[in-house]
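Per numbering that gives the first Met the number 0, the very first residue in the sequence shown carries number 0; after that it's consecutive. Every residue, glycine too, gets a C-beta built ideally from N, C-alpha and C. The structure presented is a predicted model; accordingly, all values stated were derived computationally and were not measured. Down below is the structure, laid out as structure tokens.
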Amino acid sequence: MSKFFSKKYKDLVPYTPGEQPKDQAYIKLNTNESPFDLSKDILDGLLESRNPRLYSDISCVELRQKLASMFGVDENNIICGNGSDELLYFCFMAFCDDDTPAVFANITYGFYEVYANVNRIPYCIKNLNSDFTINVSDYLNQNKTIFIANPNAWTGILLSLDDIERIVSSNPDNVVVIDEAYVDFGGQSAVELTKKYDNLLVIQTFSKSRSMAGARLAFAIASQDLINDLNTIKFSVNPYNVNSLSQCLGSVVLDNDKLIQQNIKTIIENREYLVSELDKLNFETLPSKANFILTKHDSITGFDLYKKLKENGILVRYSELSELKDYVRITIGTKEQMDKLIDAIKFII
Ligand SMILES: *Cc1c(COP(=O)(O)O)cnc(C)c1O
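As structure tokens, then:
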């Protein structure tokens, strides 16, 4: 820390992203990216279609129009962001306060705690049940701003729409943020409920199911008032938050949704395949509706399995959390990648 660094942030513990080592080529199953590249058709012409000399469209009109018709909402119910990370950050700024703390689970997306800390927002952590499901009653009548990843990060476990509605309807004076980064892999989106509840805000991203993690593009859907609040923050922080190339790419990807749906279907099949192969090897795997699984084997800790797989050229993720020390999190890749992973695991255990 330099002597110039603000004292406000002296205790800040930043988010730890999954590693991106460059020492060799790895089969990369550690950060939940899609294994499928966007087609050449989609990528061609990108530079021609948007001139980077000019500022990007400040309101992402084309993208918002396409998303609006896709989700059956008005474009005023949508804001685009530089990844869901940015929109989540805006939500912490906009909807939390000293007297409106944040609420989230002990095991969930690590950024929630970081964003609360960097904004100096008090927060309340709710432990998951012993089977890693969310205890819904912990989130009823809270008078706090609630953040839920659905399916949940690290576990992949899905909360039902009925449970989400119970949580949203019991907190009418507070915002409930549902982070649907993985919803396309077998979940049901809560977007429909945003028409009924003005305190519900749903965030989705192009990073996981739409093969665009590096383009940094996401969107939130909610009542117009909530979207206006996020726009107030956006126009106070970074008005041109989505660059023109990513806007263009996102728009073309929405036009090619059939391809994306095909990729999603393959990833779901590969997930079921991997889980059944791991079952045969006596792994215990949580029921995932995401593009990753959390799994463990009696004979090895999460860290040791991570380390041995890395030696074999395969990157997975382990967690520092004591509750997850037996587990590794594995991103679902192509069938070939899953077969190589299974071979390596057989060799290791
Ligand atoms: C990956 C992830 C994000 C971040 O997504 P970006 O849109 O790439 O910023 C947000 N929430 C959860 C739960 C995630 O797993």
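Rounded to whole angstroms, what is the Cα-Cα separation between residue i and residue j?
i	j	result
ASP130	ARG215	33 Å
MET211	ASN227	26 Å
ASN240	LYS233	8 Å
GLU319	PHE302	9 Å
ILE41	ILE57	23 Å
SER83	ASP178	8 Å
LEU277	PHE346	13 Å
ASP224	ILE77	11 Å
LEU304	LYS334	21 Å
THR265	CYS90	33 Å
LYS194	GLN187	15 Å
Does ligand 1 have even one heavy atom less than 8 Å from the beta-carbon of residue i?
i	result
ASN29	no
ILE257	The question names Ile, but residue 257 in the sequence shown is Lys. Checking the Cβ of LYS257 against ligand 1 gives no.
ARG316	no
ARG270	no
PHE91	no
LYS207	yes
ARG328	no
THR15	no
LEU37	no
GLU18	no
ARG215	yes
GLY71	no
Out of the options, state which residue places its alpha-carbon closest to the alpha-carbon of residue i.
i	options	result
CYS79	LEU293, ILE292, GLN203	GLN203
ASP254	SER68, PRO13, LEU28	SER68
LYS257	LEU37, LYS7, GLU18, ASN31	LEU37
GLN246	ASN29, LEU273, ARG49, PRO150	ARG49
ASN170	ILE292, GLU179, TYR196, SER235	TYR196
VAL135	THR144, LYS125, LYS143	LYS125
TYR8	LEU28, LYS194, VAL117	VAL117
PRO16	SER5, ASP73, GLY109, LYS39	GLY109
ASP137	PRO150, GLU112, ILE344, ALA104	ALA104
ALA189	ASN281, LYS334, LEU160	LEU160
So residue i and residue j are supposed to be a Cβ contact under 8 Å. How far apart are they, rounded?
i	j	result
LYS339	GLY155	That pair is no contact at about 21 Å.
ALA217	LEU86	6 Å
VAL182	ASN198	Contact doesn't hold; Cβ gap of about 19 Å is too wide.
ASN290	PHE146	Not really, about 21 Å apart at Cβ, beyond 8 Å.
GLU148	ALA180	The residue you asked about is not Glu; residue 148 is Ala in the sequence shown. 7 Å between Cβ atoms; contact.
ALA101	TYR122	4 Å
Are at least three pairs of beta-carbons, each pair with one atom in the stretch 15–24 and one in the stretch 116–133, less than 8 Å apart?
no
Across the stretch 264–271 and the stretch 161–170, are there enough close Cβ pairs to call them in contact, namely three or more that are closer than 8 Å?
no
Stretch-stretch touch, CB-based, cutoff 8 Å, three pairs: the stretch 326–336 with the stretch 300–318
yes
Quick check: the stretch 192–209 against the stretch 5–19, are there 3 or more CB pairs under 8 Å?
no
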